[in-house]
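Heads up, the thing below is written out as structure tokens.
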Amino acid sequence: MDTVEREDTILTLMRVYERSGHGSKADDLADQTRFPVHKIMNILDELVLMGDVQVTGDGIYTLTDQGYTLAATVMRRHHVLETFLKEMLGMDHETAHEEACTMEHHTSENTINRLRSFLKTTRECPGPCRIHHRHHSCRTLTDCPPGEDLVIEAIRGCRRELRLADLGLVPGEHIRVMERMADTLLIRVKDCDIAISPEIARSVLVGVDR
Numbered sequence: 133m134d135t136v137e138r139e140d141t142i143l144t145l146m147r148v149y150e151r152s153g154h155g156s157k158a159d160d161l162a163d164q165t166r167f168p169v170h171k172i173m174n175i176l177d178e179l180v181l182m183g184d185v186q187v188t189g190d191g192i193y194t195l196t197d198q199g200y201t202l203a204a205t206v207m208r209r210h211h212v213l214e215t216f217l218k219e220m221l222g223m224d225h226e227t228a229h230e231e232a233c234t235m236e237h238h239t240s241e242n243t244i245n246r247l248r249s250f251l252k253t254t255r256e257c258p259g260p261c262r263i264h265h266r267h268h269s270c271r272t273l274t275d276c277p278p279g280e281d282l283v284i285e286a287i288r289g290c291r292r293e294l295r296l297a298d299l300g301l302v303p304g305e306h307i308r309v310m311e312r313m314a315d316t317l318l319i320r321v322k323d324c325d326i327a328i329s330p331e332i333a334r335s336v337l338v339g340v341d342r
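Next up, the structure:
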């Protein structure tokens with residue numbers, strides 16, 4: 133099992149759990165990762181031995197705390213890389229996403245931290261953040277009903293933007309409002325459900341995803 137196989141498998145397990153609240157069987161993981169069944173079985177056996185994954189008696193695989201921490205780290209790498217490729221190199225969303233999927237497995241934490249610092253420096257501004265006039269008619273996430281498909285147009289607040297980038301909330305990203313609660317808003321980003329506060333939701337400007 134190489135690094136790509138390990139990280140792709142635990143990322144898939146994390147997304148399945150965050151989407152459904154349940155683990156996954158080997159056959160389903162094989163379909164989602166596009167690894168042959170015998171290959172995914174070997175990977176899962178090794179992940180269990182490494183302490184990243186646990187399995188029930190009826191063959192349901194879920195992440196351990198150790199595995200979830202690794203998956204979250206890889207996801208963070210992906211979001212930072214994708215943001216850098218889009219904002220600094222001008223790549224379109226789909227190309228940046230595909231490139232980040234490859235690069236996330238081979239980029240060191242030192243490099244990721246340097247990229248985050250660079251992005252933060254380029255986004256910092258001396259006064260109130262300015263939003264282009266075309267966004268003035270955009271709604272914020274707090275204005276959107278559950279079930280609506282949206283695309284992020286802008287983020288209010290330079291320093292907040294970097295934090296949200298780690299969650300995948302970047303301009304051009306497609307999202308869906310899943311549920312509104314008293315003190316949180318549940319949204320779906322890249323097959324992951326994320327709960328954010330009303331304060332954060334008010335800083336995310338969105339348009340209808342057509």
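Numbered according to our numbering, the sequence shown spans residues 133 to 342.
C-beta: ideal position from N, C-alpha, C; glycine also.
Residue i: which of the options sits nearest, CA to CA?
i: R288; options: L282, G279, D298, V302; result: V302
i: R308; options: D315, V336, E236; result: V336
i: S249; options: A203, D140, T215; result: T215
i: E331; options: D341, R320, L296; result: L296
i: L181; options: N242, M133, S329; result: M133
i: T316; options: E137, R209, A333, V185; result: A333
i: C233; options: D160, T188, R209; result: R209
i: Y193; options: I284, D160, G304; result: D160
i: Q164; options: N245, K252, I284, D140; result: D140
i: R271; options: N245, E230, E137, G339; result: G339
Sorted by chain position, which residues of the same chain lie with C-beta nearer than 8 Å to residue i's C-beta, five sequence neighbours on each side aside?
i: G183; result: T196, Q198, G199
i: L247; result: V212, L213, F216
i: T274; result: L317, P330, A333, R334
Is it buried or exposed for residue i, if we count other Cβ within 10 angstroms and need 16 for buried?
i: S111; result: This structure gives no information on residue 111, because the portion of the chain shown stretches from 133 to 342.
i: H151; result: Before going further, note that residue 151 is Arg rather than His in the sequence given. So R151 ends up on the exposed side.
i: M220; result: exposed
i: D190; result: exposed
i: P258; result: Note that P258 scores 40 on pLDDT, short of 50, meaning its location in the model is unreliable; the coordinates nonetheless yield the value given after this. Exposed is the call here.
i: A228; result: buried
i: E305; result: buried
For residue i and residue j, what's the separation of their Cα atoms in angstroms?
i: M223; j: L213; result: 11 Å
i: D325; j: M146; result: 11 Å
i: T135; j: C276; result: 40 Å
i: K322; j: V148; result: 11 Å
i: M207; j: E236; result: 8 Å
i: T205; j: N242; result: 13 Å
i: R312; j: A286; result: 21 Å
i: T188; j: R166; result: 23 Å
i: L179; j: A314; result: 39 Å
i: H238; j: K218; result: 19 Å
Might you give, ordered along the chain, the residues of its own chain that have their beta carbon closer than 7 Å to the beta carbon of residue i, omitting 5 neighbours on each side?
i: M310; result: P278, L318, I319, R320, D325
i: N245; result: none
Cutting at 6 Å between CB atoms, please list the residues of its own chain near residue i, excluding the five before and the five after it.
i: A203; result: I142, L143, M146
i: I390; result: The first residue shown for the chain is 133 and the last is 342, placing residue 390 beyond what the model contains.
i: D281; result: R308, D341
i: D298; result: R208, H211
i: P168; result: none
Any heavy atom of the ligand SAH inside 6 Å of the beta-carbon of residue i?
i: L202; result: As for the ligand SAH, it is missing from this structure, which has no ligand bound.
Does the segment 172–183 come into contact with the segment 150–157, if we say contact requires no fewer than three beta-carbon pairs (one atom in each stretch) closer than 8 Å? no
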